[in-house]
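In UniProt numbering, the protein residues as written are 1 to 236.
What follows is a single structure, written as structure tokens, with notes after it.
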């Protein structure tokens, strides 16, 4: 059972995100605006730094971002830390998000990166490297990234048992990760403890690895941070 439950919101619907990225794609084509950076540049920088510290680019890790939007996080890994683009893949269930990311890749002259339309909860992402295709395994990724996608999915319409679509997310994510690989997630809806309870389970085979610290604030006698970034490692 998920540790936090939310009311259904339009932010959890594909129609909403299709509309958002349709507008951003038009803006990109008209004035070159690459679109919004969800959760801001600081969260991107911190996720990039965590990745560089734990999976340096010289190891050629295969990286999959779930709900990649305009591709900002992957582009930052490639252009700031020299991660090989041929081992980076972003998936999104909105076709216009994928079209926007491909347009940004062309504008930035980032070749060989993969962006694909994929409904993560019901479809498997493409295998992008020769080693992945030769192995033919689903657990093909050294690192999975999520910046806000779990949040959005948790706001989706509940099923007949009262469960949101995100109920299936932890096991769907874990099955894609190589033994010993990592999952790094940033959330504004879930606390670190809630994320640890949702993902570090016997069913997923994920164990808590580390967390990223953000500035804290105090309100109503309670202290907290605006975002939570937590890393998990899959058992070998």
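Heads up, the beta-carbon is just placed ideally off N, CA and C, and yes, glycines get one too.
Since I believe residue 168 is in contact with residue 183 (beta carbons under 8 angstroms), could you give me their beta-carbon distance rounded to a whole number of angstroms?
Position 183 of the chain shown, counted from the start, is the residue given in the question as residue 183. Position 168 of the chain shown, counted from the start, is the residue given in the question as residue 168. Taking a contact as a CB-CB distance under 8 angstroms, the pair residue 183 and residue 168 does not count as one, their CB atoms being some 15 angstroms apart.
Where residue 178 sits in the DSSP three-state scheme
Indexing the chain shown from 1 puts residue 178 at position 178. Here residue 178 sits in strand by DSSP.
Whose CA, out of 127, 234, 232 and 217, lies closest to the CA of residue 226?
In the chain shown, the residue the question calls residue 226 occupies position 226. Minimum Cα distance to residue 226 is reached at 217.
Any alpha helix (DSSP H) of 4 or more consecutive residues that is wholly inside the region 126-189
130-135, 149-153 and 169-174
Taking Cβ positions, are residue 100 and residue 70 nearer each other than 7 angstroms?
Numbered from its first residue, the chain shown carries residue 100 at position 100. Numbered from its first residue, the chain shown carries residue 70 at position 70. It is a contact, given that the beta carbons lie within the stated cut-off.
Check whether the Cβ atoms of residue 74 and residue 90 lie closer than 7 angstroms to each other.
Counting from 1 along the chain shown, the entry for residue 74 is found at position 74. Counting from 1 along the chain shown, the entry for residue 90 is found at position 90. For residue 74 and residue 90, yes; Cβs fall inside 7 angstroms.
With three or more beta-carbon pairs closer than 8 angstroms as the criterion, would you say the region 131-149 touches the region 178-194?
With a cut-off of 8 angstroms, the region 178-194 and the region 131-149 count as touching, because enough Cβ pairs lie within range.
How would you label residue 95, buried or exposed, when you count the other beta carbons within 10 angstroms and need 16 or more for buried?
Residue 95 sits at position 95 when you count from the first residue of the chain shown. That one is exposed.
Status (buried if at least 16 other CB within 10 Å, exposed otherwise) for residue 204:
Translated into positions along the chain shown, residue 204 becomes position 204. With 16 or more Cβ atoms within 10 Å of its Cβ, residue 204 is classed as buried.
Whose C-beta lies closer than 6 angstroms to the C-beta of residue 20 among residues of the same chain, with five residues either side of it excluded?
Position 20 of the chain shown, counted from the first residue, corresponds to residue 20. So no residue of the chain qualifies.
Go to residue 20, then tell me how far its alpha helix (DSSP H) extends in each direction, as first and last residue.
In the chain shown, the residue the question calls residue 20 occupies position 20. Run containing residue 20: 14-31, per the alpha helix (DSSP H) assignment.
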